[in-house]
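Below is one structure, written out as structure tokens; the observations come after it.
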Amino acid sequence: MTDKLWYGGDYNPEQWPREVWDSDVRLMQRAGVTVATVGVFSWARLEPRDGEFDFAWLDDLMDLLDSHGIRVDLATATASPPVWLARKHPEMLPVTADGVRLGVGSRQHYNPSSSAYRRHAARLVRELAARYGTHPALEAWHINNEYGCHVSRDYSEESAAAFRVWLERRYGTVEALNAAWGTAFWSQAYGAFDQVGVPAAMPTYPNPGQLLDFDRFSSDALLECYLAEKEILRELSPDVPVTTNFMGFLKGIDYWSWAPHVDFVSDDCYPDPADPDSAPFGALARDLMRSLGGGAPWILMEQSPSAVNWRAVNAPKSPGMHRLHSLQAVARGADGIMQFQWRAGRAGAESFHAGMLPHGGEDTRVFRETVQLGEELASLADVRGTRCDARVAMIMDWDSWWALEQEARPASLDYVRVLAGWYRELWSRNVLVDLVRPTSDLSSYAAVLAPATFVLSAEGSANLAAFVEGGGQLLVGYQSGIVDERLHVHLGGYLGGLRDVLGVWIEEFAPPAPGSLSGTPAPALRISGLGEGGASTFAEVVRVSDAEVLATFTGPQPHGGLLDGRPALTRRRSGAGAGWYLATQPDNFGAVLDAVLEAAGVVGVEAPAGVEVVRRGDRTFVLNHNDHAVELTLAGEPLALPARDALII
Amino acid sequence: MTDKLWYGGDYNPEQWPREVWDSDVRLMQRAGVTVATVGVFSWARLEPRDGEFDFAWLDDLMDLLDSHGIRVDLATATASPPVWLARKHPEMLPVTADGVRLGVGSRQHYNPSSSAYRRHAARLVRELAARYGTHPALEAWHINNEYGCHVSRDYSEESAAAFRVWLERRYGTVEALNAAWGTAFWSQAYGAFDQVGVPAAMPTYPNPGQLLDFDRFSSDALLECYLAEKEILRELSPDVPVTTNFMGFLKGIDYWSWAPHVDFVSDDCYPDPADPDSAPFGALARDLMRSLGGGAPWILMEQSPSAVNWRAVNAPKSPGMHRLHSLQAVARGADGIMQFQWRAGRAGAESFHAGMLPHGGEDTRVFRETVQLGEELASLADVRGTRCDARVAMIMDWDSWWALEQEARPASLDYVRVLAGWYRELWSRNVLVDLVRPTSDLSSYAAVLAPATFVLSAEGSANLAAFVEGGGQLLVGYQSGIVDERLHVHLGGYLGGLRDVLGVWIEEFAPPAPGSLSGTPAPALRISGLGEGGASTFAEVVRVSDAEVLATFTGPQPHGGLLDGRPALTRRRSGAGAGWYLATQPDNFGAVLDAVLEAAGVVGVEAPAGVEVVRRGDRTFVLNHNDHAVELTLAGEPLALPARDALII
Amino acid sequence: MTDKLWYGGDYNPEQWPREVWDSDVRLMQRAGVTVATVGVFSWARLEPRDGEFDFAWLDDLMDLLDSHGIRVDLATATASPPVWLARKHPEMLPVTADGVRLGVGSRQHYNPSSSAYRRHAARLVRELAARYGTHPALEAWHINNEYGCHVSRDYSEESAAAFRVWLERRYGTVEALNAAWGTAFWSQAYGAFDQVGVPAAMPTYPNPGQLLDFDRFSSDALLECYLAEKEILRELSPDVPVTTNFMGFLKGIDYWSWAPHVDFVSDDCYPDPADPDSAPFGALARDLMRSLGGGAPWILMEQSPSAVNWRAVNAPKSPGMHRLHSLQAVARGADGIMQFQWRAGRAGAESFHAGMLPHGGEDTRVFRETVQLGEELASLADVRGTRCDARVAMIMDWDSWWALEQEARPASLDYVRVLAGWYRELWSRNVLVDLVRPTSDLSSYAAVLAPATFVLSAEGSANLAAFVEGGGQLLVGYQSGIVDERLHVHLGGYLGGLRDVLGVWIEEFAPPAPGSLSGTPAPALRISGLGEGGASTFAEVVRVSDAEVLATFTGPQPHGGLLDGRPALTRRRSGAGAGWYLATQPDNFGAVLDAVLEAAGVVGVEAPAGVEVVRRGDRTFVLNHNDHAVELTLAGEPLALPARDALII
């Protein structure tokens with residue numbers, strides 16, 4: 029195992045003549061590369077025909093890297109099945125909700141529940157593990173690649189059969205399934221499990237329970253693929269850690285259920301360089317990764333050295349930006365900074381994706397930055413293994429994401445956008461936050477934020493209530509606790525088991541809606557009190573049973589005054605703790621947050637706008653994301669930072 | 029039969045435990061509920077397995093309602109077939125134009141021409157009719173539900189076969205079909221009926237005649253479903269009236285052809301509470317329902333007590349708004365005000381649709397309004413059976429709707445939007461209007477309006493011409509009389525048989541078009557004379573043979589002056605009658621309308637903007653839709669009305 | 029053969045009663061019609077049942093036209109197969125990328141690779157050629173119609189088989205195919221040709237090489253259809269010229285590969301009358317047609333006498349506009365002006381498309397303009413055969429079009445919009461331009477422009493470099509020479525073989541991109557120096573090896589100053605010639621163009637904005653496209669032109 033930070037990238041030398049390889053390892057050494065990810069898209073090369081394996085080139089490559097001191101993150105190569113397999117087993121190809129069977133010619137063309145795919149993948153992994161499981165260059169196993177990136181939902185017959193098995197395991201009886209899904213509505217009752225199907229195209233809104241269970245099943249089906257490979261690796265290569273690269277906020281996969289099964293978390297992250305919010309949004313993804321691993325170090329497994337190739341317009345990273353994003357990851361717990369890919373491709377679908385070594389070669393800005401970053405990461409090696417300490421947690425839960433974004437909801441809310449809006453305010457205060465689930469252990473936090481936590485089980489409610497009763501500050505946002513884990517409405521005023529601890533209930537929803545026929549814009553909301561000013565997105569009619577009202581909606585409001593004088597923000601104290609309820613999204617959310625943080629005794633770090641300060645271990649990272657120089661005072665010390673520059677103290 | 033106004037809603041107690049039922053009937057009594065619609069989505073419960081029926085729960089429910097004095101509008105439950113039926117007969121599932129077979133899991137998943145669906149539906153109806161046909165609680169039969177709401181066009185093989193039968197019945201010979209459809213163009217001639225198909229996906233614009241006939245056939249196919257059920261009910265339950273709930277301006281179904289077959293018209297109506305035009309647009313739908321029934325009282329069968337769940341953002345109804353919409357329906361001929369649904373659902377696709385009894389229970393604004401409305405409707409019982417009297421008619425014709433909105437037209441016009449634009453001006457003058465077809469009996473009207481009556485048969489023209497010659501005022505709008513009922517162009521200047529009575533012909537069309545490559549906005553039109561000011565949407569080059577020119581287009585105009593000085597509005601007097609032609613949509617359409625109404629001797633009721641005044645029987649309804657109080661004088665009496673309040677005199 | 033200019037249109041009398049025909053020929057004579065295109069959509073009429081032919085009506089028609097001195101452009105009628113053929117051979121119907129088989133009921137419902145379609149088409153053509161190949165009225169053969177207009181890409185099994193044959197012919201071995209397509213990326217290697225398929229729906233971006241070859245194959249598949257018909261006509265009607273009507277900038281077909289196979293080029297052209305740029309965009313299409321034929325006269329085979337029917341809103345042509353567009357075509361090399369269609373249709377999908385003889389009949393503006401244009405064209409008969417002389421060429425290349433507009437590119441550029449932007453400046457200077465390919469003979473040009481010439485082969489580069497070395501001025505625009513003809517990136521700084529002659533290389537791309545999450549607009553670019561001012565669309569980081577810098581990007585720029593001070597425009601002189609490189613699209617592109625033209629010694633004609641001056645043979649056409657009168661001086665002579673009027677000197 030290396031004792032350095034990982035630095036390097038995906039390396040696909042099978043796409044280049046052999047003489048290029050020697051140039052590659054020489055330049056990798058110059059760039060301080062410590063680890064290369066190999067074999068991600070090599071299945072067709074490793075097994076050119078059914079059951080015929082060719083490892084000679086990979087033997088050569090592994091030895092070449094080893095002899096140059098570059099360690100290998102070896103992929104199992106199952107992410108992109110070879111053409112011959114799809115031709116032999118066309119039933120393994122994915123099917124869309126409209127019944128279109130997707131073809132070969134791109135990548136990830138497999139139905140996760142396909143037995144043919146799983147069988148052939150297992151055979152390949154067994155061969156690889158047997159051959160390289162003890163290779164001296166082997167640093168880690170990299171199972172598959174970006175699971176669910178393109179195909180996370182499959183509507184084939186084989187998936188339908190697997191879904192039925194999954195449902196029978198979950199519910200035991202079809203009566204239980206009917207009760208959970210509420211099939212009495214719209215005459216949807218099933219007489220037996222074999223009548224159940226996947227939620228493919230239908231005349232109108234599908235059953236919500238069916239949809240949510242299909243989301244859960246689909247995440248689990250991919251997890252089964254992962255676990256099947258992992259089991260083989262464990263058997264044949266027991267001492268080498270195993271991971272698969274996550275993709276940040278990927279709706280298709282519930283990473284909470286995956287994280288216990290990776291030896292370390294790793295992530296692919298591609299913020300848009302043109303986005304002014306790329307820094308806070310990147311930080312949110314890094315915090316998620318750290319949280320998934322329970323605070324343990326993780327690896328940034330892919331990022332682009334500059335532009336990507338899949339946006340409508342692909343901006344390059346500004347000079348220095350790639351270093352900032354990399355240091356941001358280290359500051360927030362990463363022990364490795366990997367890129368896609370080492371050498372920019374010459375052909376294929378990603379040939380306009382930046383590489384550490386660009387099309388233009390060594391005399392380029394990007395390659396110079398590649399070398400500089402290698403040097404800096406080498407100097408940071410002793411950050412390995414250190415941790416970050418967060419006193420605030422924010423709930424991030426795939427069930428709520430999936431359920432909130434179904435159709436036929438009170439309003440079309442974007443779950444991640446809501447979270448990111450709250451997070452941005454935490455980030456701008458340099459308050460470190462962990463992501464948690466409603467049922468997570470909250471004992472180490474002083475404050476917990478729950479934006480749009482639409483799905484709330486009895487266990488989740490109890491856990492959150494106990495947190496307040498234990499002295500914590502809990503801020504619950506609109507559209508939380510609306511349904512239970514079966515998507516049954518919490519009757520009697522929503523909020524489920526939180527009603528007592530919050531001291532409020534919700535009478536009705538009053539989102540500011542644009543007029544559908546006349547196209548009039550949605551009317552403005554206004555609130556007075558804490559966080560006063562405009563508000564948007566959503567509003568609820570709150571009824572107070574036992575709480576202070578800290579802010580109210582003030583007229584003139586939409587809906588004929590329905591909201592006038594109603595609570596916008598409430599608090600119910602419970603000893604040292606308190607339950608806060610926020611019924612809308614104030615433009616001045618920061619004021620609400622400040623009040624919660626103050627009550628929790630959480631203090632951030634003051635810094636100019638756009639300057640990120642993070643503490644990891646005994647180092648403090650100061651990152652100036654601005655296009656201008658800044659001056660600040662940190663721990664009493666005045667500091668000056670040029671545009672897009674960083675300081676590590 | 030009840031002698032009260034209907035008041036109540038869809039009641040789906042099969043979704044709730046039995047103990048809730050008792051609470052329901054108690055609360056229904058408190059709310060003044062007189063009728064409950066039962067069984068709409070109960071097929072799977074009534075027939076859990078093929079041919080096995082379970083009526084015990086419905087027996088219980090019918091008796092429970094009966095014992096509490098609540099009458100039953102009993103649905104035939106055929107709207108949402110059970111899963112077992114679809115699994116047994118997958119060919120009954122609908123197919124889209126792209127060939128996608130829609131699945132179970134939502135509702136209305138049947139192809140209207142499916143023999144398996146029809147056969148099983150008939151068996152269920154026969155069972156229901158035999159069992160409940162003489163039940164003392166039975167007020168009416170409610171066949172199916174919202175026919176064509178989601179699936180009004182089906183492209184399956186079974187539909188294609190039915191379409192061929194329908195065509196052969198219509199045309200007799202394939203030569204007649206070829207002539208009607210103009211298949212000589214684009215080499216589309218059919219050699220036999222069995223070569224004809226449905227207009228599924230094709231390389232470019234389908235044959236217009238094929239499209240229109242498929243629209244007609246599809247409406248008829250659903251009507252056949254209705255009639256098959258009705259025949260059984262007539263046989264087994266001869267004294268109980270039968271209806272099916274229409275859906276206002278539903279493009280898929282020509283309600284004119286359906287209306288003679290219902291014993292009373294009923295309607296589902298869901299205006300957007302956030303839409304400032306919800307009042308006039310709702311009024312238009314109510315007038316359509318009254319007109320479909322030839323002026324007879326009708327039932328508002330569904331409306332939402334507050335928000336729905338299927339818009340992108342679902343606004344609640346403002347306080348008082350639900351009462352206003354209900355009284356608007358009564359004023360315009362309704363003998364009943366029903367809601368979807370009694371109790372807000374706990375699970376399923378519509379659990380966020382408001383109920384008369386909300387999730388929050390009795391201590392809620394919505395339930396209080398439910399109770400108040402029940403009281404008010406009870407006091408209005410003697411309005412039952414009274415009628416409204418309209419002296420103005422407006423043409424509303426599905427053929428024109430279908431044909432005008434085909435592709436490959438002079439311009440993309442929205443038929444209902446054009447109608448609604450004209451109607452809004454009538455509504456704001458409190459002039460009651462009936463909707464009619466071109467061939468309707470017009471003898472009771474002083475003025476007839478014909479906006480965008482694109483399809484005009486010789487019979488229709490003759491009827492309208494006779495109306496003018498009999499002393500009526502006829503206002504014809506642009507894009508009227510362009511084609512006949514086979515969609516053959518009326519050669520020689522369009523307008524068909526109206527050319528003489530209008531004294532004009534149309535030389536060419538000159539819609540103000542935006543520049544397609546450069547994206548320049550459409551240029552403004554201007555007119556001088558009657559209704560002077562701006563104009564939009566469409567314009568035509570009018571040639572006058574024998575008419576007065578009341579308004580002209582004035583330069584500078586688009587199209588290089590093509591319209592300059594051309595007639596925008598003409599009139600040809602014919603004794604006491606006159607034919608008016610309007611070649612564009614003036615912003616100041618009201619001035620044109622005023623002139624026509626004055627000539628017709630029609631006088632509305634003056635009232636402040638947003639105040640609706642309607643007379644039914646000997647009552648006058650005054651509805652203030654504004655968010656502010658108003659004062660007005662009615663029949664010499666000064667009145668004051670608070671915001672969103674109503675007065676019945 | 030006629031010695032007049034062609035004037036007339038598509039004539040479809042089979043859609044009208046026989047008595048209308050006599051009226052038609054009488055009115056054609058009045059309108060100066062010289063040629064009628066007959067039979068385009070007559071297959072079903074000519075062969076009403078499989079193998080049963082009916083030519084009686086066409087005999088009658090040919091003789092009728094002949095007896096009135098109207099010559100015939102006889103279509104082979106294969107553009108719209110009869111229904112019976114599709115019913116007999118459903119496999120001939122096209123299939124979309126999503127697997128939807130398109131149906132009959134519109135037109136062009138055939139898969140170009142269908143053997144059934146080709147076999148039946150050949151039989152029909154043989155019958156027609158045998159019968160009419162020597163008819164005295166026959167002026168030309170018109171093969172099929174608008175090839176590829178609706179269906180240029182087909183994803184059926186039969187097309188896949190043909191694609192495999194095409195690939196094997198192109199590559200010889202599957203190894204060569206794998207190398208060309210770069211299938212090592214994403215594990216896409218093929219083991220044999222029979223594993224290759226068409227690029228139908230797949231999980232994400234298809235292989236770029238597969239896509240481009242499918243584009244090339246699809247164009248070739250249609251060309252095979254054309255050539256099969258042509259071979260029969262050559263055999264049976266050897267002396268009659270053959271054409272097929274092109275469609276201007278049709279992405280689906282590479283007309284450069286087709287043009288050598290037509291005896292004369294013909295084109296269908298439908299600029300939007302509402303578009304202020306319809307004149308320059310029309311001119312560009314005409315110049316393409318002249319260039320495809322190597323400068324030989326061509327026929328404008330279809331244009332609309334006024335409005336079309338397939339835009340969202342269809343503007344009529346302003347008075348005089350149709351004449352201007354017609355004369356523009358003559359000025360730019362057309363020997364004929366044909367319309368779709370002679371008589372406006374009464375039924376069918378195009379019944380709202382204008383005709384030379386409108387629905388309104390003879391007493392209409394459009395028919396009057398029809399007659400006037402006929403008179404004017406008669407007076408211009410001696411322009412036939414004369415040529416235009418262009419000293420400037422612009423590259424227009426389907427490979428670059430197809431490749432640049434694939435997904436996963438540095439930015440989403442619209443190839444034709446880029447070309448049109450450059451062309452507009454040439455047009456406004458009245459500089460005539462030929463369209464060429466990179467490998468065309470450039471010896472007659474003083475300047476060559478290469479906008480976004482994304483694909484550049486070694487031969488293309490060498491040809492362009494030789495042009496500069498021979499004294500020419502070459503202006504190369506951004507995103508040129510990025511890849512070779514296999515879409516392999518030109519490593520080492522892009523530009524391929526042009527690097528030396530331009531003296532620059534490209535380090536990276538820096539398009540101004542909007543922020544994806546926050547929706548911020550794309551930031552502005554600015555340049556100083558030649559063409560100073562704003563810039564847009566794209567920018568590149570240029571490295572100079574041996575060139576003058578004529579303009580630079582000036583801060584503040586996007587991307588953190590990445591572009592600041594970098595070259596925006598460079599020039600490398602090479603004797604009398606020079607290679608110019610333009611790294612962005614300046615708003616003031618005209619200044620750059622002026623410098624290039626001046627260096628090339630090319631002088632346009634000064635005229636007021638919107639006035640087009642073109643010289644053909646010894647005539648000069650002066651066309652005032654403005655809605656206002658202009659005065660100008662031409663060859664020292666003062667001229668005055670009314671709005672939308674023309675002068676031929």
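Protein chains in written order, with my numbering: chain S, 29 to 677; chain R, 29 to 677; chain G, 29 to 677. Yeah, the Cβ is synthetic: ideal placement off N, Cα and C, and Gly gets one too. No experiment lies behind these values; they were computed from the predicted model shown.
- With fewer than 16 other CB atoms across the displayed protein chains lying within 10 angstroms of its CB, glycine 664(G) is exposed.
- Counted as a single uninterrupted DSSP element, the alpha helix (DSSP H) harbouring leucine 530(S) occupies residues 527 to 530.
- Taking the beta carbon of glycine 237(S) as reference, the chain R residues within 9 Å of it are Ala375, Gly376, listed in sequence order.
- Leaving aside the five residues that flank serine 306(R) on each side, the residues in its chain whose CB is nearer than 7 Å to its CB run, in chain order, Pro299, Asp300.
- For proline 595(S), the enclosing beta strand (DSSP E) has its first and last residue at 595 to 602.
- Of all residues in the segment 600 to 612 of chain S, none has a C-beta nearer than 7 Å to a C-beta of chain G.
- In summary, the residues of the segment 424 to 457 of chain G whose CB is separated from some CB of chain S by less than 8 Å are Glu435, Ala436, Arg437, Pro438, Ala439, Ser440, in the order they occur in the chain.
- Listed in chain order, the alpha helix (DSSP H) elements of length 4 or more contained wholly in the segment 30 to 63 of chain G are 46 to 59.
- Valine 464(R) and valine 411(R) have their C-alpha atoms some 25 Å from each other.
- Under the Cβ criterion of 7 Å, alanine 72(G) is counted among the residues facing chain R.
- Secondary structure remark: continuous beta strand (DSSP E) runs of at least 3 residues inside the segment 276 to 308 of chain R, in chain order: 294 to 296.
- Per the C-alpha coordinates, the member of Ala311(G), Arg351(G), Glu433(G), Ala490(G) positioned closest to arginine 457(G) is Ala311(G).
- When rounded, the separation of the alpha-carbon atoms in asparagine 40(R) and tryptophan 112(R) is 21 Å.
- For tyrosine 609(R), no alpha helix (DSSP H) segment is defined; the enclosing uninterrupted segment is the beta strand (DSSP E) at 605 to 610.
- Between histidine 516(G) and arginine 374(S), the C-beta spacing is below 7 Å.
- Contact residues of the segment 138 to 170 of chain S toward chain G are absent (C-beta to C-beta distance below 7 Å).
- With a minimum length of 3 residues, the unbroken runs of beta strand (DSSP E) contained wholly in the segment 443 to 477 of chain S fall at 461 to 464.
- Between leucine 166(G) and valine 68(G), the CB-CB gap reaches or exceeds 7 Å.
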